[in-house]
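Protein chains: 4
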Amino acid sequence: MTKIERVGISLEKELLRAFDGLISEQGYQSRSEAIRDLIRQQLSTERLRNDKAVAVAAVVLVYDHHATALMERLTELQHSHFLKTISSMHVHLDRHDCLEVIVLRGKVGEINRMGEKLISIKGVKLGRVNILATEGL
Amino acid sequence: MTKIERVGISLEKELLRAFDGLISEQGYQSRSEAIRDLIRQQLSTERLRNDKAVAVAAVVLVYDHHATALMERLTELQHSHFLKTISSMHVHLDRHDCLEVIVLRGKVGEINRMGEKLISIKGVKLGRVNILATEGL
Amino acid sequence: MTKIERVGISLEKELLRAFDGLISEQGYQSRSEAIRDLIRQQLSTERLRNDKAVAVAAVVLVYDHHATALMERLTELQHSHFLKTISSMHVHLDRHDCLEVIVLRGKVGEINRMGEKLISIKGVKLGRVNILATEGL
Amino acid sequence: MTKIERVGISLEKELLRAFDGLISEQGYQSRSEAIRDLIRQQLSTERLRNDKAVAVAAVVLVYDHHATALMERLTELQHSHFLKTISSMHVHLDRHDCLEVIVLRGKVGEINRMGEKLISIKGVKLGRVNILATEGL
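Chains as they are written, first to last, in the working numbering: chain P, 1 to 137; chain X, 138 to 274; chain R, 275 to 411; chain Z, 412 to 548.
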């Protein structure tokens, strides 16, 4: 079981009211939940500065599936021995374009480089690498 | 068939050398491909400023699957009538944590709000909304 | 006098310990101060989504001061009637390059466009627009 | 004298037209200038991944000047021996709030930490660290 602690924080009345307004709009049911999310986000960002930290990445690619060599190169890269491709998902956007999400796990530096390699493949139109440090959160 | 145009650009020798070095490291096979990617990235970012533009979003969530109400709420939200959830993928990270990627299509403002709502669900530890404007790229 | 409120939040013991470690490294003297900063950052980001909100911008430019028409164009733009340039600072980086920080106040949409115009001037090598919503924080 | 090279790039007609539209709105007078800026931005971002690279930072702070210990601590930190504070600028925003821009030069890791320290000072409401790698651009 995870141990829960309760801490007190003090803040300006006006700031609190504005925060309450924002998080209720976002859908939060409690202040604690919203503040925990801010804290986790901050910790995750901090950990990603360390190239050796272990993290997961969701690489999002948009590409034209008519680009012939691309699918082959994508598969080849996903079998790279440096890191584990955990999973991937393929979505048909329209007659030409596909969106592919590839989930990687490994060291920050490695999955960043792997993400860049995926984005640089000829035929990939747009790409984004989302790295999240999940340990200890 | 897409029509290809050829344009000339002038740039400092030193800048060109540094760029060539960077893109070869990233895995690009040609300068044109690398510059097209920079241009598409810029156009996509620009279009996302418009709340009414149509785009796709890959929402990445990390959550503890023991959080009971969460799965239910996730499914409920994905059936929201405002926009189309195209697809989703679920990855088991460890005994506690899951990573879920949900692909949405709709107006920038709507999918942003939907992403926030997903992240605010109790039990979701980390989240990221990636919005990509794909039209005309 | 600003009224201060005290609220209680609950969070996992492990998360709290990791947060305490991070903020002490960053130099924070209290948890409240660190959490207030996270909240203000979040509120400021949220407000900037509204093009009509009033904000301040610090536009950072790096340029070669030998570019002749540039200084003239910079000054001309700063006298634009759409918004108030509050102040600017000029720093000599080396024999060629200068860094200039220009502080603007106005509506988010306007100061964004003004920032882009400044960055697009021939001779400006690098630029960054920092918009901060300061009201009610 | 800087040597200029001319290179040819090929891209889709539709993409070119969209790019031309965007950059003319942003104020660019030529495609070459806009593409050079994209390239420099990319190179600068890449270099900042290296903690040891030399860069400049513009740290933007918003604080209430009534916070008594703050000004003292700010000055103290600026005399830190780890790096050179090149310059700073102070702007009065309203009766309470000031905006201060502090320009630092040093290694990426050092000026990042220094920026965090400045933002963590009690009384600082909002802060942003802009790091720019300027060498070879």
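For every residue, glycine included, the Cβ atom is placed at its ideal position computed from N, Cα and C. Note that the coordinates shown come from a computational prediction; the quantities given were computed from them, not determined experimentally.
Would you check if the distance between the CB atom of residue i and the CB atom of residue j is smaller than 8 Å?
i              : j              : result
I146 (chain X) : I446 (chain Z) : yes
L241 (chain X) : V193 (chain X) : yes
E527 (chain Z) : G301 (chain R) : yes
R31 (chain P)  : V281 (chain R) : yes
E307 (chain R) : L16 (chain P)  : no
A332 (chain R) : V512 (chain Z) : yes
L317 (chain R) : Q42 (chain P)  : no
M500 (chain Z) : S361 (chain R) : yes
L529 (chain Z) : L488 (chain Z) : yes
Straight-line CA distance for residue i to residue j?
i              : j              : result
N404 (chain R) : K536 (chain Z) : 15 Å
N112 (chain P) : L472 (chain Z) : 31 Å
K189 (chain X) : L48 (chain P)  : 33 Å
G123 (chain P) : G246 (chain X) : 28 Å
M251 (chain X) : E423 (chain Z) : 33 Å
I434 (chain Z) : Q440 (chain Z) : 8 Å
Y63 (chain P)  : R347 (chain R) : 40 Å
C235 (chain X) : A206 (chain X) : 15 Å
E135 (chain P) : H233 (chain X) : 11 Å
Assign residue i to buried or exposed, taking buried as 16 or more other Cβ atoms, counted over all protein chains shown, within 10 Å of its Cβ.
i              : result
T349 (chain R) : exposed
N461 (chain Z) : exposed
G21 (chain P)  : exposed
A133 (chain P) : buried
R451 (chain Z) : buried
D231 (chain X) : exposed
E151 (chain X) : exposed
V222 (chain X) : Reading the sequence as shown, one finds Thr at residue 222 (chain X) and not Val. By the neighbour-count rule (16 or more Cβ atoms within 10 Å), T222 (chain X) is buried.
Do we get a CB-CB distance below 8 Å when we pair residue i with the residues of chain Z?
i              : result
V375 (chain R) : yes
S225 (chain X) : no
E358 (chain R) : What sits at residue 358 (chain R) in the sequence shown is Lys, not Glu. It does not: the Cβ of K358 (chain R) has no partner Cβ on chain Z nearer than 8 Å.
Along chain Z, in chain order, which residues have C-beta atoms closer than 8 Å to that of residue i?
i              : result
T139 (chain X) : E423, K424, E425
Given that residue i touches chain X, what residues does it touch there, using C-beta distances under 9 Å?
i              : result
R417 (chain Z) : G145, I146, S147, L148
Quick check on residue i - is its C-beta less than 8 Å from some C-beta in chain P?
i              : result
R177 (chain X) : yes
S298 (chain R) : no
D188 (chain X) : no
G164 (chain X) : yes
Quick one: does residue i have its CB under 8 Å from some CB of chain X?
i              : result
K139 (chain P) : Because residue 139 (chain P) is not part of the residues shown, which for chain P are 1 to 137, the question remains open.
I111 (chain P) : no
V108 (chain P) : no
At 7 Å on the CB atoms, spell out the chain X contacts of residue i, in chain order.
i             : result
V62 (chain P) : L269, T271
Report the neighbours of residue i on chain Z: residues whose CB is nearer than 7 Å to its CB, in chain order.
i              : result
I172 (chain X) : I420, I446
Who are the neighbours of residue i on chain P, taking C-beta pairs under 9 Å?
i              : result
L263 (chain X) : D37, R40, Q41, S44, L132, A133, T134, L137
Verify the CB distance criterion: does residue i have a CB-CB separation below 8 Å to chain R?
i              : result
L504 (chain Z) : yes
A469 (chain Z) : yes
Given that residue i touches chain R, what residues does it touch there, using C-beta distances under 8 Å?
i             : result
R31 (chain P) : V281, I283
Does the beta carbon of residue i sit closer than 8 Å to a beta carbon anywhere in chain A?
i              : result
I131 (chain P) : Looking at the structure shown, chain A is missing, and the protein chains on hand are P, X, R and Z.
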